[in-house]
């Protein structure tokens, strides 16, 4: 399995006027995941473990808008997972339902869960995973109250990621003159960062073919629907 790995550091991207992700200038984490969802084709499920979720409905509305603007609401299901010490997904669920999204909710077997992960799914197959320190909340995704960093892993062979991969290859060609699989990742990342203020990109081909799916399956084995 080839995986494109993006290191997303808030110190670099927040409110930057030149930080680009998949050929679009972005200034917060919600805009980054939205750009992935727009460029990827056919993502029909998202699983969000939000940890310290937003508590103010108006602010959550802003987060939902920036995360999912431009998507066909009838073609995507948003799964909200977990709660943590006074925080829950209830405000997020309320906003999503008002916006006419399909919403399902889940709990982990433990009473309190601090996972901060998003799985992007097409037809039950994982296409990408975001994992890191960012709670799915307006204060974390839309503001810069503290330093945060996350890693986005994209399956280079995922059926939703054809255009994503082509975009990455075009950027590499623009920087290096010609795209070659054997160009060292550190050189690609250095040149992209200098020319575009672009997030670090690494290609890994040492993972089993179903690595991301196994991660997701392990995750799903620990959650239960909130009936």
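In my numbering, the protein residues as written are 22 to 248. Positions of the beta carbon are idealized from the N, C-alpha and C atoms, including for glycine.
Assigned exposure category for residue i - 16 Cβ within 10 Å defines buried
i, result
"residue 118", "exposed"
"residue 202", "Here residue 202 scores only 46 on pLDDT, less than 50, and its place in the model is too uncertain to base an answer on."
"residue 77", "exposed"
"residue 90", "exposed"
"residue 239", "exposed"
"residue 36", "exposed"
"residue 113", "buried"
"residue 49", "buried"
"residue 70", "buried"
"residue 55", "buried"
"residue 96", "exposed"
"residue 156", "buried"
"residue 88", "buried"
"residue 192", "buried"
Bridge-paired residues (DSSP) for residue i
i, result
"residue 100", "68, 125"
"residue 45", "42"
"residue 150", "140, 174"
"residue 246", "127"
"residue 30", "170"
"residue 108", "105"
Cβ distance (whole Å) where residue i is taken to contact residue j below 8 Å
i, j, result
"residue 94", "residue 68", "Not really, about 17 Å apart at Cβ, beyond 8 Å."
"residue 182", "residue 51", "Residue 182 to residue 51, Cβ: 20 Å. No contact."
"residue 132", "residue 72", "Going by Cβ atoms, the distance from residue 132 to residue 72 rounds to 14 Å, so no, they are not a contact pair."
"residue 40", "residue 175", "Not quite, the Cβ-Cβ distance comes to about 18 Å (not below 8 Å), so this is no contact."
Whole-angstrom distance between residue j and residue i, CA atom to CA atom
i, j, result
"residue 185", "residue 57", "8 Å"
"residue 33", "residue 166", "14 Å"
"residue 107", "residue 134", "11 Å"
"residue 45", "residue 170", "19 Å"
"residue 146", "residue 98", "14 Å"
"residue 230", "residue 150", "15 Å"
"residue 74", "residue 152", "15 Å"
"residue 233", "residue 23", "11 Å"
"residue 244", "residue 27", "27 Å"
"residue 29", "residue 115", "29 Å"
"residue 100", "residue 111", "12 Å"
"residue 64", "residue 159", "23 Å"
"residue 66", "residue 180", "14 Å"
"residue 38", "residue 163", "15 Å"
"residue 81", "residue 102", "16 Å"
"residue 161", "residue 31", "10 Å"
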